Amino acid sequence: MKIENKTKEILKEFSPQIENFNRRFKILSAILIVIMLFALYAFYMQEKEGHIVTGMRDNVVWGLYIANFVFFIGISYAGALISGILHLLKVEWRKPIIRVAEFITVISTVIGPLFILLCMGRLDRIYNLVLYGRIQSPIIWDVIAITTYIIGSFLFLYLAMIRDLAILRDSPDLKIGKFRRWSYKFLAIGYNGTAKQDKLLEDSITIMSAIIIPIAVIVHSVLAWIFGMTLRPGWHSTIFAPYFVIAAVFSGTGVLIVALWAYRRYFHLEKYITKKHFDYLGMLLLILAAIYGYFTFSEYLTDWYTSETWNARVLEKLFNFNEYGWWFLFAAIIGILLPMIVIGIPKLRTINSVTAVSFIAVIALWVKRYLIIVPTLETPLFPIQDNRIEWIKYSATWVEWALTLGGVATFIFSFMLLSKYVPIIPVSLVSKPPEKTESLNVEEKVETV
Amino acid sequence: MKKEQNQSKKKTGRRNFLKFGVLAGGAVVSGVGLTAFAGDNKTGEKVKVMTTDGKLAEVDSGMLHSCNSCSSSYVSNEEARKGIPDRKFVMVVDLSRCKNARKCVSACQNMHYLPKDKEWITVNLMQETETTAPYWMPKTCFHCDEPPCTKVCPVGATFKRDDGIVLIDNERCIGCKFCMTACPYSARVFNWDKPKNIPEEILNRPYSVESGAPQVVGTVGKCDFCPDMIRKGKLPDCVTACPNGVYFFGDINEDTVTNGDETLRFSELIKDKAGYRYMEELGTQPSVYYLPPVDRNFPFESGLKGLSEEQKSKYHFNTDK
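Protein chains in written order, with our numbering: chain A, 157 to 605; chain B, 1266 to 1586.
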């Protein structure tokens, strides 16, 4: 395949990123690997001793693990929804950021379900899901939906990478190992940029981005139904599915902004990832925060206004500053209003401030998942009659925290590895002239918003 | 893996034994618990054994096999999932008779080899509001006809049988705990660690869904209406253990319930004493009925007497709130 000069130039700019493993990379990797090994040890302890080593007991049977699961599946929306929609709309400014978004999706869709496995008392019997799977159970819906989602998001990322893989294959100047060169050749599946291939690939990407959107919506709806289908105050809610979907896009956008900020700094991508990206994504975050805030308000207002005994018991815990009050204040009010204020006021809106409030929103959304799961389980319909503190109030043990940190470390480490393999900016896309859209220029349309 | 293979071998062994026929049940030979077993190594030496219906039979001594679980009749997994034909079990709990003697709790723990801190039956102090009277309420699994727990199980490890009993297959359960979040009555408990102090003979006997013992680490357990006792024509242990005749157990098809001393018409009992089901509004259709705590046999306070401080503190925690 003949590579144009412009592409060559851009690739040259990025080649140090994928060629060199500098000291910073090695030190960070070492730290992350230590955390991951510690998490593995925690996992070993849990499998050896049983789940008694966790903070979960008969009332709170799900804890940090399920909160992490919902959280990671949530942030996977970055690639699936945002990148998918922006591709379909042919938005020009998406080009430098879609790979970051798709990396987030692929990595978090793999890490998320690992936390479900950690929550299983008998991981050794996981094959029973295949042997005896019952379609009536929302867990089986989840298994089917998430498997589809993982395959779909891998395909989506892969299709979008083929052009770059072909460029890497045909760039003999790159100082890379033999195996890596071979892998580029293998993965580029003979793409040579002919008109026929190009159209086929473009169509496939468009179809995939249309497919990945409903799949992503289904995944998080099914996840919400795992809670919604139970007779539990705080869970048994009809708006749970859309509420979870919105929360997921919200957190996905937040993580995308934070990741873009980190890459921009780390790889000096100021030329490609600009203030414009933070402005646009910030605006998206603002809108999502507003919708999410609306759902949150609606959910708690209806529960509080009628104050049916069971709902009231949960709300008493959420609104009580001796229990979860401060956390609720942070997750459901500060985490929503603060991004809206900072992004909404042009004077306050800088790259750093947008990133900071995005980070706060992401943490707030993690706390919100915890607040959805734990206080409800601490408030069963049949009041707890126990004196064992761990049966009454959940508090996660070192095992659960170690595995949570391990999940975050794996997330970051996978990111580092993937961005060593292919340039984090899609070289083929940014070197192409802007796409022509019919009759109206979406690019301009978006800019005037 | 190897262990499982061994177990399946044991199972086929047991099945052969059942085919062996007349010798099923507890045979007593020379004072030790031994029963016949279809082995291959014949010795030629004949031994006399007694069958369950009291007949004497002669078998080859090589066919004898030590059996410590003779007391629990083994039912195949398929049979255990179907239930006892033409039966529909029901329980009536008379709240006017309960004084929190807690004999049901300990009997259940003994029967299922549960540790003292694991209760499949709980006796709860109930007081809806400050202006209503407190009373004691024993709570078993309600064996609902519309069980929310079996509905959500991803692998069918917990299931509803034709005879109304909801059981758990501890060898299939994957420990996802979804059933525990689905059960609105908190009837289910999890085996957070390996069961301790289980007698060797219980550990060694082949697993049966109906016996519920020993419990398996990482799986869910709960009150099972003692189907192994029912199969032997006996009442569940909580019913017989209760000194005050609180529990009535029976068959709704026969319209009869008994607490061991009195046998009553189920429909009349419910009609006369205004029986009800707990949280009927949830639509779970429980198989456990309650008779209201009126004209009580014991004052409420007598239930607090003789309790350990440990146990009292459980109730205090609740009443303080």
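Every residue gets a Cβ at the ideal spot worked out from N, C-alpha and C, and that includes glycine. All values reported here derive from a predicted model rather than from experimental measurement.
Determine, for residue i, whether the minimum Cβ-Cβ distance to residues of chain A falls below 8 Å.
i, result
"residue 1566 of chain B", "no"
"residue 1334 of chain B", "Reliability fails at residue 1334 of chain B, whose pLDDT of 45 lies under 50, so the model's placement of it is uncertain and no value is given."
"residue 1356 of chain B", "no"
"residue 1419 of chain B", "yes"
"residue 1324 of chain B", "no"
"residue 1515 of chain B", "no"
"residue 1416 of chain B", "yes"
"residue 1407 of chain B", "no"
"residue 1442 of chain B", "yes"
Could you spell out the range, first to last residue, of the alpha helix (DSSP H) harbouring residue i?
i, result
"residue 524 of chain A", "507-533"
"residue 320 of chain A", "294-325"
"residue 334 of chain A", "334-343"
"residue 226 of chain A", "220-231"
"residue 1515 of chain B", "Element bounds for residue 1515 of chain B: not the alpha helix (DSSP H) but the beta strand (DSSP E), 1512-1516."
"residue 127 of chain A", "This structure cannot settle anything about residue 127 of chain A, because the visible part of chain A is limited to 157 through 605."
"residue 567 of chain A", "554-577"
"residue 1322 of chain B", "Run containing residue 1322 of chain B: none in the alpha helix (DSSP H); it sits in the beta strand (DSSP E), 1321-1325."
"residue 547 of chain A", "545-548"
"residue 1500 of chain B", "That residue, residue 1500 of chain B, is in no alpha helix (DSSP H); it is neither H nor E in DSSP."
"residue 242 of chain A", "240-244"
What does residue i touch in chain A if you count any residue whose Cβ is under 7 Å from its own?
i, result
"residue 1458 of chain B", "205, 206, 208"
"residue 1438 of chain B", "278"
"residue 1379 of chain B", "In chain order: nothing, as chain A lies at least about 13 Å away."
"residue 1547 of chain B", "387"
"residue 1464 of chain B", "Within chain A, no residue comes near residue 1464 of chain B; the closest Cβ sits about 21 Å away, beyond 7 Å."
"residue 1486 of chain B", "Simply none; closest approach about 10 Å."
Judging by CA-CA distance, which residue of the options is the nearest neighbour of residue i?
i, options, result
"residue 1473 of chain B", "B:1341, B:1486, B:1365", "B:1341"
"residue 394 of chain A", "A:213, A:380, A:435", "A:380"
"residue 1427 of chain B", "B:1345, B:1436, B:1530", "B:1345"
"residue 242 of chain A", "A:364, A:479, A:550, A:447", "A:364"
"residue 1409 of chain B", "B:1563, B:1441, B:1449", "B:1449"
"residue 326 of chain A", "A:167, A:358, A:397", "A:167"
"residue 1510 of chain B", "B:1572, B:1523, B:1517, B:1499", "B:1523"
"residue 329 of chain A", "A:520, A:535, A:292, A:164", "A:164"
"residue 337 of chain A", "A:174, A:494, A:416", "A:174"
"residue 1364 of chain B", "B:1481, B:1564, B:1397", "B:1564"
"residue 1562 of chain B", "B:1481, B:1400, B:1552", "B:1400"
"residue 1455 of chain B", "B:1485, B:1415, B:1550", "B:1485"
Please list the partners that residue i has in chain A, where partner means a Cβ-to-Cβ separation under 8 Å.
i, result
"residue 1321 of chain B", "None at all; the shortest Cβ gap to chain A is about 45 Å."
"residue 1447 of chain B", "385, 386, 387"
"residue 1451 of chain B", "214, 215, 536, 537, 538, 540"
"residue 1454 of chain B", "214"
"residue 1413 of chain B", "386, 387"
Consider the Cβ of residue i: report whether some Cβ of chain B lies at a distance smaller than 8 Å.
i, result
"residue 217 of chain A", "yes"
"residue 536 of chain A", "yes"
"residue 202 of chain A", "no"
"residue 345 of chain A", "no"
"residue 393 of chain A", "no"
"residue 295 of chain A", "yes"
"residue 288 of chain A", "yes"
"residue 281 of chain A", "yes"
"residue 471 of chain A", "no"
"residue 474 of chain A", "no"
So which residues of chain B does residue i contact, with C-beta pairs closer than 9 Å?
i, result
"residue 459 of chain A", "Result: empty, since nearest Cβ-Cβ is about 17 Å, beyond 9 Å."
"residue 353 of chain A", "Those within 9 Å of residue 353 of chain A in chain B number zero; the least Cβ separation is about 43 Å."
Anything in chain A within Cβ reach of residue i, meaning under 9 Å, just list it in chain order.
i, result
"residue 1309 of chain B", "Within chain A, no residue comes near residue 1309 of chain B; the closest Cβ sits about 45 Å away, beyond 9 Å."
What residues of chain B sit near residue i, judged by a beta carbon separation below 7 Å?
i, result
"residue 284 of chain A", "1420, 1437, 1439"
"residue 379 of chain A", "Under the 7 Å cutoff, chain B gives no residues; its nearest Cβ is about 13 Å from residue 379 of chain A."
Could you check whether the Cβ of residue i sits closer than 7 Å to any heavy atom belonging to the ligand SAH?
i, result
"residue 568 of chain A", "As presented, the structure is devoid of all ligands, the ligand SAH included, so that no description of it is given."
If the cut is a Cβ gap below 8 Å, which residues of chain B does residue i touch?
i, result
"residue 325 of chain A", "Simply none; closest approach about 44 Å."
"residue 533 of chain A", "1446"
Taking the beta strand (DSSP E) that residue i belongs to, which residues open and close that run?
i, result
"residue 1314 of chain B", "1311-1315"
"residue 1522 of chain B", "1521-1523"
"residue 1404 of chain B", "1400-1404"
"residue 1390 of chain B", "1387-1391"
By the criterion of Cβ-Cβ separation under 7 Å, what are the contact partners of residue i in chain D?
i, result
"residue 1483 of chain B", "Here the protein chains are A and B, and chain D is not one of them."
Tell me the start and end of each unbroken alpha helix (DSSP H) in the region 376-447 of chain A that is at least 4 residues and wholly inside, in chain order. Correct list: 396-423.
Extract the residue ranges of the beta strand (DSSP E) inside the region 1333-1370 of chain B, only unbroken runs of 3 or more that lie entirely within it. 1354-1359
Taking only runs of the alpha helix (DSSP H) that begin and end inside the region 449-494 of chain A, which ones reach a length of at least 4 residues, in chain order? Listed in chain order, the alpha helix (DSSP H) elements of length 4 or more contained wholly in the region 449-494 of chain A are 465-475, 481-484.
Pick out the complete alpha helix (DSSP H) segments inside the region 1419-1497 of chain B, 4 residues or longer, and give them in chain order. 1443-1447, 1465-1469, 1492-1496
Inside the region 1538-1576 of chain B only - beta strand (DSSP E) runs reaching at least 3 residues: Under the rule that a run must span 3 or more residues, the beta strand (DSSP E) segments found entirely inside the region 1538-1576 of chain B read 1553-1556.
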